[in-house]
Amino acid sequence: MNLILHSAWRASAPYRVRIGLNLKGLDYTIQPVDLVSSQHQGEAYRALNGQALVPTLEVDGRPLTQSLAILEWLDETFPTPHLLPEDPFQRATVRAMAEIVACDIHPVNNLRILRALTALGVDQDGRDAWAQRWISDGFTALEPMVAAHGRGFAFGDAPGLVDCCLVPQVYNATRFHVDMGPFPAIRDAVARALEHPAIARAHPNLQPDAQVA
Ligand SMILES: N[C@@H](CCC(=O)N[C@@H](CS)C(=O)NCC(=O)O)C(=O)O
Numbered sequence: 704m705n706l707i708l709h710s711a712w713r714a715s716a717p718y719r720v721r722i723g724l725n726l727k728g729l730d731y732t733i734q735p736v737d738l739v740s741s742q743h744q745g746e747a748y749r750a751l752n753g754q755a756l757v758p759t760l761e762v763d764g765r766p767l768t769q770s771l772a773i774l775e776w777l778d779e780t781f782p783t784p785h786l787l788p789e790d791p792f793q794r795a796t797v798r799a800m801a802e803i804v805a806c807d808i809h810p811v812n813n814l815r816i817l818r819a820l821t822a823l824g825v826d827q828d829g830r831d832a833w834a835q836r837w838i839s840d841g842f843t844a845l846e847p848m849v850a851a852h853g854r855g856f857a858f859g860d861a862p863g864l865v866d867c868c869l870v871p872q873v874y875n876a877t878r879f880h881v882d883m884g885p886f887p888a889i890r891d892a893v894a895r896a897l898e899h900p901a902i903a904r905a906h907p908n909l910q911p912d913a914q915v916a
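Sequence positions in the sequence shown follow the numbering used here and run 704 to 916.
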């Protein structure tokens, strides 16, 4: 199977998918998309992803979009190691934790939102305060769930869907100088996850389009 991931090095939604692909031990090619120059809004990329958002995973030339849908497809297509547990109640709990990040935290801090705030006259400090508020709000809900369900990783004793979402979101939190003091369970789970070789390899700084000083 030929897998091409359209990705941007620091963007958290493609980072989720890189973690999932690496956990499954799959070979794939990274096709970088430059968000800074708005390459994602050009005609060529829109032909693949009508929303003009990364990631897109091309599977033998057929595009799949939306990181959570891609991760669930991966889990259904390559069942081991599992990203989601088998028990339906646990699966729903894992999805709830992942969706706090993917549906409630990330969408209000996305590049297009930050650009819209800039256009409204909000400066860097204001944009940071905005992101800090919504990331902290989501982490406040997630912290007791990780404390209750994590046993080394964010849910249980092996990496899975929650880690795919949480590791990139904590990377973002660091970029926005979020105080992680109130979130020790999240901090510990992510520190442990980052030691996992498959997760470590997905780090933004190791991507072909990384711009690290
Ligand atoms: N719900 C989508 C979100 C995708 C998304 O928003 N990606 C961001 C990067 S993390 C993006 O492409 N942003 C470009 C923009 O906001 O203009 C998913 O999970 O795939």
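All residues carry an ideal CB built from backbone N, CA and C; glycine is no exception. In this text the structure is predicted, and so the values were computed from the model without any measurement.
Helix, strand or coil at residue i according to DSSP, with G and I counted as helix
| i | result |
| --- | --- |
| P847 | helix |
| P758 | coil |
| T768 | strand |
| T732 | strand |
| L787 | coil |
| L777 | helix |
| S710 | strand |
| G853 | strand |
| G859 | strand |
| P885 | coil |
| N812 | helix |
| F842 | helix |
| Q910 | coil |
| A750 | helix |
Buried or exposed by the 16-neighbour rule on C-beta atoms within 10 Å, applied to residue i
| i | result |
| --- | --- |
| R854 | exposed |
| R713 | buried |
| L787 | buried |
| A747 | exposed |
| L909 | exposed |
| D828 | exposed |
Alpha carbon of residue i to alpha carbon of residue j, nearest angstrom
| i | j | result |
| --- | --- | --- |
| R890 | E761 | 33 angstroms |
| L823 | T780 | 44 angstroms |
| P782 | D826 | 46 angstroms |
| P791 | A834 | 33 angstroms |
| A857 | G863 | 8 angstroms |
| R904 | A894 | 14 angstroms |
| H809 | P758 | 14 angstroms |
| L738 | L751 | 15 angstroms |
| A916 | R878 | 15 angstroms |
| A799 | I707 | 28 angstroms |
| R937 | Q734 | The requested residue 937 is not part of the displayed model; the chain covers only 704 to 916. |
| P900 | M704 | 23 angstroms |
| W776 | L767 | 9 angstroms |
| V811 | A801 | 16 angstroms |
Interface flag, residue i vs chain B, CB-CB below 8 angstroms
| i | result |
| --- | --- |
| I902 | The chain labelled as chain B is not found in the depicted structure, where only one protein chain is given. |
Practice task
Give a yes or no on contact between the stretch 868-883 and the stretch 707-726, applying the rule of three or more CB pairs nearer than 8 angstroms.
Solution key: yes
Practice task
Kindly confirm or deny that the stretch 841-854 and the stretch 886-900 touch, where touching means at least three C-beta pairs closer than 8 angstroms.
Solution key: yes
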